[in-house]
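Chains as they are written, first to last, in my numbering: chain B, 1 to 674; chain X, 1001 to 1674; chain Y, 2001 to 2674.
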Amino acid sequence: MNRQQLGLASSMPGEGLIFGADYNPEQWPKASWPTDVALMKEAGINLVTVGVFSWAQLEPEEGQWNFAWLDEVLDLLHAGGIRVSLATPTASPPPWLGKLYPQTLPTDASGHTLWYGSRNQFNPSSPKYRAAAATITAKIAERYAQHPALAMWHVGNELGQISFDDESACAFREWLMGKYVTLERLNDAWGTTFWSQQYSTWEEILPPRSAPYIGNPGQELDFKRFTSDQLVSLFQAERDIITRYDTTHPITTNMMGFFSGLDYNSLARETDFVANDWYTDPGDPQSWQLGALTHDLCRGLSGGKPWLLMESATSAVNWRGHNVAKEPGALQVDALSAVARGADGVCFFQFRQSSFGAERFHSAVVPLAGSKSRVFREAAALGAYMAQLGALAGTPSQTRIAILFDWSSWWAAESAARPSEKLQVMEQLLAYYRPLLRHGLSVEVVHPDTDLDRFDLVLLPNLFLLGKPAATALKRYVSNGGHMVVGPFSAVANEEAKLATGRFPGALAEVLGVSGEEWLPLDKPVPLVFTSPSTGTQLQDIHASIWSEDLELHGPNTRTLAYFGAGRLAGKPAITANPWGAGEAWYVGADLPAEALETLVMSAVAAAGIQVPVPLGLPDDIEAVERGDQLFLLNHGPTLSSVELPGTFGTSTTITLPPYGAKVLSQKKNRVYS
Amino acid sequence: MNRQQLGLASSMPGEGLIFGADYNPEQWPKASWPTDVALMKEAGINLVTVGVFSWAQLEPEEGQWNFAWLDEVLDLLHAGGIRVSLATPTASPPPWLGKLYPQTLPTDASGHTLWYGSRNQFNPSSPKYRAAAATITAKIAERYAQHPALAMWHVGNELGQISFDDESACAFREWLMGKYVTLERLNDAWGTTFWSQQYSTWEEILPPRSAPYIGNPGQELDFKRFTSDQLVSLFQAERDIITRYDTTHPITTNMMGFFSGLDYNSLARETDFVANDWYTDPGDPQSWQLGALTHDLCRGLSGGKPWLLMESATSAVNWRGHNVAKEPGALQVDALSAVARGADGVCFFQFRQSSFGAERFHSAVVPLAGSKSRVFREAAALGAYMAQLGALAGTPSQTRIAILFDWSSWWAAESAARPSEKLQVMEQLLAYYRPLLRHGLSVEVVHPDTDLDRFDLVLLPNLFLLGKPAATALKRYVSNGGHMVVGPFSAVANEEAKLATGRFPGALAEVLGVSGEEWLPLDKPVPLVFTSPSTGTQLQDIHASIWSEDLELHGPNTRTLAYFGAGRLAGKPAITANPWGAGEAWYVGADLPAEALETLVMSAVAAAGIQVPVPLGLPDDIEAVERGDQLFLLNHGPTLSSVELPGTFGTSTTITLPPYGAKVLSQKKNRVYS
Amino acid sequence: MNRQQLGLASSMPGEGLIFGADYNPEQWPKASWPTDVALMKEAGINLVTVGVFSWAQLEPEEGQWNFAWLDEVLDLLHAGGIRVSLATPTASPPPWLGKLYPQTLPTDASGHTLWYGSRNQFNPSSPKYRAAAATITAKIAERYAQHPALAMWHVGNELGQISFDDESACAFREWLMGKYVTLERLNDAWGTTFWSQQYSTWEEILPPRSAPYIGNPGQELDFKRFTSDQLVSLFQAERDIITRYDTTHPITTNMMGFFSGLDYNSLARETDFVANDWYTDPGDPQSWQLGALTHDLCRGLSGGKPWLLMESATSAVNWRGHNVAKEPGALQVDALSAVARGADGVCFFQFRQSSFGAERFHSAVVPLAGSKSRVFREAAALGAYMAQLGALAGTPSQTRIAILFDWSSWWAAESAARPSEKLQVMEQLLAYYRPLLRHGLSVEVVHPDTDLDRFDLVLLPNLFLLGKPAATALKRYVSNGGHMVVGPFSAVANEEAKLATGRFPGALAEVLGVSGEEWLPLDKPVPLVFTSPSTGTQLQDIHASIWSEDLELHGPNTRTLAYFGAGRLAGKPAITANPWGAGEAWYVGADLPAEALETLVMSAVAAAGIQVPVPLGLPDDIEAVERGDQLFLLNHGPTLSSVELPGTFGTSTTITLPPYGAKVLSQKKNRVYS
């Protein structure tokens, strides 16, 4: 905990951009290792992650250690000029741990043990697992802290495990005692007067195991928070051990974007820089949009500083039902999207494709077919290009728009027995993000508690749970001249997932100038009447499809921007705007189609005085992002496409991109936005 | 058991109609209780159910009692003139019970424990659970039997739990010993010579737990019967304890309509009056039809006497995937449908919407938004109207048509490995009910063992299981002038779910004058040729879709009303009619489309001499029901609709109903039917 | 093991063709048994299987024996001239075994016990189960080996059970020790360096139980092989016991065609002749095609010798969701399809329909309706016809075409986390089989290790796993003049399911003259350009739908027969042909539509010099097969159909078949093919 939090720019390993891969030499005969290093250099790789799944190789039996092979690997890499991201191998304990200490195995909500034979079979609350992980972490840190190949530490892998067993119950109780101190407060927070759930002793409290009917939302939310905290504490424990031996190299772990099992806002704070895994789905033409949003989440998690794309695929993955491969060019385009959005490096899982194991059909830098292959050629070309882009390293993000996102809110919003399972947090998030993406506007996805002063516009799409401090800050933010767009079913509950009484959205009703009395999930689409504030023309044939709210204006200056055109709410407001202090606040009481959302969001952008890089919008499949002085134009689709750019983007105003093609333009000093 | 079964008219609490709600004051601060009582009065509420989920409040630790708050609540309600339906809180034991006595927790068929943290986590066969439930029931009965607010007792809540654990196995064996006396008889009844399932000792017998393949249908049927009997005996046990302290107030429990887990014919016999929960699905335009059928089941369960709608929703519920709210007006229309079909009262779950717990998104009389809301206004308007209709209280049902329905038959009909899973008992039940509904004819849904003499027409839609006594009674019924319509796949099995040998439908083949040798589920629709007996014209474009039977006439006067128009059965009978003694019996060897069923059922209605209130049929969404001298006309749909009524219905022959509108007409003495 | 393997022709019981049924007299009163025997004779039945599920009747308590009833049944059958297939009743142990010895019950991968109350509740690795099964087998063999009614032994029933419990883990370890000898070899074979799965002691090894993520493919494959071997060893154990008492009568067990749980190539070797169960699905018009393929598998399993259709249905079954009955005539047509494809007999499950138990809705020779029924009449007519066809008995199969199929390959191909779950082994198998079926060409489905010299053409549709010896043999086979068609995603892995490194299809790339570097599952259909080698015209509007491969020719004479018409592979080969030595080899790098597969396969047939019985192809629903001098023409559809036959098929060249009609033509000596 007393480790000095290093600034990212200084802590990212190496100079220039990182280009790397996971390297698992234990899967291959020693004789092939020199070839691997040679191929790394050929591909332009300057960093490899080693040891992620090496526990059984390093400690084949309890307390028996075998580091010789890893010494050799690190020496070899160092000799070849390849720097090392050294992992603690704690994501996959060896079979002997589960055999000797079954309590280290996780248990699901129905009581089934999850066995070894795959990976991740650890119980985050098991003291024995934690002790074994601490031991091997210390051994590795001690041995390699001074190794010249070492560039950074990679703790565990994609932290994310949950267990409902008795040891987890114990740890959960301790966590709850820390949070609530008295049982009375816990009973109050969880609302245990409902359904006779009141606890009379701490010992009665359990994880939310299988039950006959709907669970307690407070208990479920706290168990998710607890599990997240347990995972963060696994990271902290290993980080602190490493710090005992090494205060020089940065320490991080690889996140998984919008992974629901861990609150990355908590985890990011503990890391020296943010590292993330992202796998575009080549079978889904819109997958790159979620990728862009995920990269913008990374920016938000790192406070605008550069981050690292720790894992990605050169071509197909193996874990989807139908694994489409990347089209030629897509490898480069996917990587550049991350760089454009603040990544100081791009790494692949993995360097050499396995011929066995659960991921043998996962693509790699060196595929089964060898280095004389399209995939290797494209990876090497990208490596060369990354070297050219090296000057970008360290360039921070400069965005004026934030989307508020909170894991607790996500968990609470999607608890069982809510008004509608059709209203999905991630879908709303993407829907509010797409208009910005289509106009070349970048975003940081940040926690509601973030200081919002550096943003001119904040969006809250379906931010279900909103604490009082955050609500107060938002009011002040708008009052001080900020602009805020609030999506449906937001500010519904407080930190304990208790619903605000009175009209919704309780804590934000005043600043929005509007409030409602009933959420009305729709059984059929309802027309919306929405006249575009910018063009003055009415949008044609637009509907709310799944969600509406029964709203009434109450602010003296609140305006109705759109209203329902039929049904029980005919004539009632669907979208409102309210000037408040020096700023303005919009509320949306419906799910909106893309066209309506674009009109609304771009109105707010205009009101916030944010200049729009691509006023007419980008063609489908095209991404445009600025980083520093570079403008990245990326074609994520299979057709040749032309982009019209304002004159400020250099001399050429029409840029043509081949299918899966990329252009990176160096811009004049007069930046279009910053 | 020695409790005097009170007649319902005298035992229903209060005078006039009941208008009420579940009231859970333990969820709210004491300071708000007086406001609650004031709002109850404002809404016209005269009865509230208290204490359903109060076990943990009343007995926070084993043997520690806290009744002060409930004393206060009851006194407050009494002072406000609100009568109380007092619940035993045994549906949801406190966590300490499950913690101290894990054997009280239920176990599913695969051996998973279902834990506390929700509700209903009790094992109906656990002696410890039963003892704990008995203790708190006695405490409550002793304390409140004389309380002036007390109007009735509400035992448990929606009884329905199942467990496959060892204690349940013990209790199952005892139940089986009582039923079969010898193991030989059990082996014979279950047909254990099949697949080498013969039991050599009682101890071998288990609930039908997870097994490698299809289970034994006899065992499965008996386990459902046993579970149902266990739940009934939970009711009996609490009722008998209450009776020790109170022989004045009626005792009941809330059923759930066509809930498959409990034979309500058994349970209804043990209650002082029938109380039922019904939740219209506002997202399903036909949901009100199942509601009407459910209300008609309640009439049947109570032998034609009034019953109570114990739970319903003012607007949306929370437990569907997508919870559409009720349209304005629907609250009233739904309530009046129950009153029209014999309910002497309508109650809502719940009075005040929770801000926490699993049902916080369930609507209430007082929503989160407070009493200045559409929902509260509509509830209060209904309350006022219910008071106006008070004279209806006690008016019994007078119907001449019965539908035979039997939980055992339902269970047996939908056992695994049957001819077709597409033939569903509930779908057939609704299909045969809809023509009656459309013509304003009301029905009682009764058990096959019911005395049928008061009915002129009985329908058996897919009554799979039919015992010999019931079959004999049906024959006598027809012979004496009764009319009977038998749907497909009826009278297939006896009480032990053994198939009748010989041609089907074994026990009814003679009276029907037709029999078959093979059930023929269809892989594609087959045309039917059916000339309407009343109009003489042939129905156009009608088909059997999923089911046909290979039938042959054998009665001397049996007529073919419809035959198959193509396929292997081309020219063979699909619908037959057979005069038998003074009556007539119809058989249907196919699944019929709505038009064909209407033609058939209305022919039988005509043959039975039943006058039809709405000969031309009602428009979609419109319900018309008589109760006493009142004619209820209800519009369950979103469009204005006009109903043509014969002159006998007063001076006006065309009644116009607004969307979700209701009209209750006082009729002349010359009733149209009775 | 020392039992003399009898030749099938001599070991099949009786003379002429077998016509039989399962007979379970214990389900019926003794008084009805003589009627049963009379009805058997009326139906032409000459063999009944007795005792399959009689364990509880024979040993009602542990060690207590009751054979009197079975003595009587066998005497009665013998007196009536009905021969007996006597079963060991070990498929369904009595409840007492599970009660007294819970370790005999199987456990699923999540740890759930599967209880008695159904059937098959045995753990194949339980020593106690094995001992109990051995005891009753010895008792039965000793008692009935000399009974004059005895014709053959029927061991167990549809062997197929799996268990993941601790006893299975023990047995699995022993099996692995036998296979790998050292732990090092096991670790190497399973690739346990991946994900830190290395085992340090044998005791750590478990069946592939529920785990947090994707399992180890090597472990999963070996566990399937182990389970299969355990089931085979159950057969062997009972067979060897019987042999102690009887070396005269043949011993077999009933297989289930393409059942994935047991490698029938292993099992078939242990039986005296192949017996199989096949249930046409009357609700699926193409079900007969899978039936034909299954029968051709039986031919392959028996090395071309006759086999026995041990179970089939007279009409509907009960275990599908919607059980369509057989159309009139289909009973005969289905039976003759088996006879035409080498069956020396046809038996039904079961003789008399049960009125209780899990299969009471399964059709039988004598249905519930009795013998005056369509089904009985049709069965009896078939019985009479089978007697007429008696001379066919013993006639072996003579086919020149083989399809290679291997259970291990199937298991490995459909392991988790592969390129696409849409590419299914059974679908590809059927797709490559259908062109042959449509042209009256019969096939043997054989293991890749089979000596292929007697075949002129072999097909490998999606043969994922191919060992080195088999690959070598295939090369030699082609070199020596054989013809080979290899489907997509074949020869991908070796016996350990390790992927071949380098370009695919590794071991076959040389002989095919083509190789690839990336499998490319498709996200949308891609056009194929394919000019028919025989007609010279281009196939219209054909596409690969789910699968493509990035191929390159490298043989000097390799030709592209078809290429991709668009997309990333535009212009690249999709189907290739390569002359190799005296033979030729085709490769297909895509999933092909029916028309393209027909063109390809029939080209290969032509190249192999195989004369085609029906050059223009058969109409839909029509099957044409030769056996000996008989030509079977079978109409599996509901429409009258005419078949054009070449002059060589007798004088008549146009044969008309009524719906579900059959014609068996005696042919001239000059056979069209053989």
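Cβ atoms here follow ideal geometry from the backbone N, Cα and C, with glycine treated the same way.
Which first and last residues belong to the beta strand (DSSP E) in which Y:K2663 is found? Residue mapping note: residue 2663 of chain Y aligns to position 663 of the third sequence, counting from 1. Element bounds for Y:K2663: A2662 to S2666.
Just checking: is the beta-carbon of B:R119 within a distance shorter than 7 Å of some beta-carbon in chain Y? Taking the first residue of the first sequence as 1, we reach residue 119 of chain B at position 119. Yes - at least one Cβ of chain Y is within 7 Å of the one on B:R119.
Among X:G1261, X:W1580 and X:T1247, which one has its Cα closest to the Cα of X:R1412? Counting from 1 along the second sequence, the entry for residue 1412 of chain X is found at position 412. Sequence check: residue 1412 of chain X is Ala here, not Arg. Checking every option, the nearest Cα to that of X:A1412 belongs to X:G1261.
Could you pull the DSSP bridge partners for Y:A2021 from this structure? For the purposes of this step, residue 2021 of chain Y is identified with residue 21 of the third sequence, where counting begins at 1. The partner list for Y:A2021 (beta bridge, DSSP) reads Y:V2048 and Y:F2348.
With 7 Å set as the bound, which would you pick, yes or no: does the beta-carbon of Y:F2564 sit closer than that to a beta-carbon of chain B? On the third sequence, residue 2564 of chain Y is found 564 positions in, with the first residue counted as 1. No, because no Cβ of chain B sits closer than 7 Å to the Cβ of Y:F2564.
Is the separation between the beta-carbon of B:A727 and that of B:S210 shorter than 7 Å? Within the shown structure, residues of chain B are numbered from 1 to 674, placing residue 727 of chain B beyond reach of any answer.
So, at 7 Å on beta carbons, what are the nonlocal neighbours of B:A237 in its own chain, with the 5 sequence-adjacent residues on each side left out? The residue labelled residue 237 of chain B in the question sits at position 237 within the first sequence. Closer than 7 Å at the Cβ level, and outside the excluded window around B:A237, lie R130 and A134.
Taking 7 Å as the threshold (C-beta atoms), are X:A1596 and X:L1539 in contact? Translated into positions along the second sequence, residue 1539 of chain X becomes position 539. Translated into positions along the second sequence, residue 1596 of chain X becomes position 596. Going by C-beta atoms, X:L1539 is nearer than 7 Å to X:A1596.
Does any residue of chain X bring its CB to less than 7 Å from the CB of Y:V2324? Within the third sequence, residue 2324 of chain Y is the residue found at index 324, counting from 1. With 7 Å as the cut-off, Y:V2324 counts as an interface residue toward chain X.
State the DSSP-derived secondary structure class of X:L1618, mapped to helix, strand or coil. If you number the second sequence from 1, residue 1618 of chain X lands on position 618. X:L1618: coil per DSSP, three-state reduction.
Under 7 Å from the C-beta of Y:K2422: neighbouring residues of chain B: Numbered from 1 along the third sequence, position 422 holds the residue referred to as residue 2422 of chain Y. What Y:K2422 touches in chain B: H322.
Could one say the Cβ of Y:E2378 lies closer than 7 Å to chain X's Cβ atoms, at least one of them? For the purposes of this step, residue 2378 of chain Y is taken as residue 378 along the third sequence, with counting starting at 1. No - not a single Cβ of chain X is within 7 Å of the one on Y:E2378.
Cβ-based burial, B:E15 [other Cβ within 10 Å; buried from 16]: For this step, residue 15 of chain B is matched to residue 15 along the first sequence. B:E15 is exposed by the Cβ-count criterion.
Compare the Cα-Cα distances from X:V1486 to each of X:K1524, X:L1097, X:A1562 and X:Y1432 and report the closest residue. Position 486 of the second sequence, counted from the start, is the residue given in the question as residue 1486 of chain X. Of all alpha-carbon atoms in X:K1524, X:L1097, X:A1562 and X:Y1432, the one lying nearest the alpha-carbon of X:V1486 is that of X:Y1432.
With 7 Å set as the bound, which would you pick, yes or no: does the beta-carbon of B:L520 sit closer than that to a beta-carbon of chain X? Position 520 of the first sequence, counted from the start, is the residue given in the question as residue 520 of chain B. Yes, B:L520 counts as interfacial toward chain X.
To the nearest angstrom, report how far apart X:W1580 and X:A1608 are at their CA atoms. Counting from one through the second sequence, the residue named residue 1580 of chain X turns up at place 580. Counting from one through the second sequence, the residue named residue 1608 of chain X turns up at place 608. The straight-line gap from Cα to Cα measures roughly 13 Å.
In this structure, does DSSP put X:E1026 in helix, strand or coil? Here the question's residue 1026 of chain X lines up with position 26 in the second sequence. Helix.
Could you name the residues of chain Y that X:N1216 contacts, counting a contact when the two beta carbons are closer than 8 Å? For the purposes of this step, residue 1216 of chain X is taken as residue 216 along the second sequence, with counting starting at 1. Those within 8 Å of X:N1216 in chain Y are G2117, S2118, G2357 and A2358.
With a CB to CB cut of under 7 Å and the five nearest residues on each side skipped, what residues in its chain are close to B:N683? Beyond the ends of chain B as shown, which are 1 and 674, falls residue 683 of chain B; an answer cannot be given.
Start and end residues, alpha helix (DSSP H) containing B:R185: Here residue 185 of chain B corresponds to residue number 185 of the first sequence, with the count starting at 1. Its alpha helix (DSSP H) spans residues L183 to W190.
Check the C-beta distance from Y:F2273 over to Y:P2250 and give it rounded, since I have them as a contact under 8 Å. Indexing the third sequence from 1 puts residue 2273 of chain Y at position 273. Indexing the third sequence from 1 puts residue 2250 of chain Y at position 250. Rounded to whole angstroms, the Cβ separation of Y:F2273 and Y:P2250 is 6 Å, and the two are in contact under 8 Å.
With 16 other CB atoms within 10 Å as the buried threshold, where does X:T1248 fall? For this step, residue 1248 of chain X is matched to residue 248 along the second sequence. Result: exposed.
Please classify X:A1566: is it buried, with 16 or more other beta-carbons within 10 angstroms of its beta-carbon, or exposed? In the second sequence, the residue the question calls residue 1566 of chain X occupies position 566. By the neighbour-count rule (16 or more Cβ atoms within 10 Å), X:A1566 is not buried but exposed.
Apart from the five residues just before and just after X:W1202, which ones in its own chain have a Cβ nearer than 8 Å to its Cβ? Looking up residue 1202 of chain X in the second sequence gives position 202. The residues are R1173, L1176, M1177 and L1183.
Would you say X:N1318 reaches chain B, if we count a Cβ-Cβ gap shorter than 7 Å as a contact? Walking along the second sequence from the start, residue 1318 of chain X turns up at place 318. Answer yes: the Cβ-Cβ gap between X:N1318 and chain B drops below 7 Å somewhere.
Would you say Y:Y2563 and Y:A2577 are within 7 Å of each other, going by their C-beta atoms? Working through the third sequence from its first residue, we reach residue 2563 of chain Y at position 563. Working through the third sequence from its first residue, we reach residue 2577 of chain Y at position 577. With contacts defined as CB atoms closer than 7 Å, Y:Y2563 and Y:A2577 fail to qualify as a contacting pair.
Residues from the region 2090-2120 of chain Y in contact with chain B, defined by Cβ distance under 8 Å: S2110 and G2111
Listed in chain order, which residues of the region 1053-1073 of chain X have Cβ atoms closer than 8 Å to some Cβ of chain B? F1053, S1054, W1055, A1056, Q1057, P1060 and E1061: these are the residues of the region 1053-1073 of chain X whose beta carbon lies less than 8 Å from some beta carbon of chain B, given in chain order.
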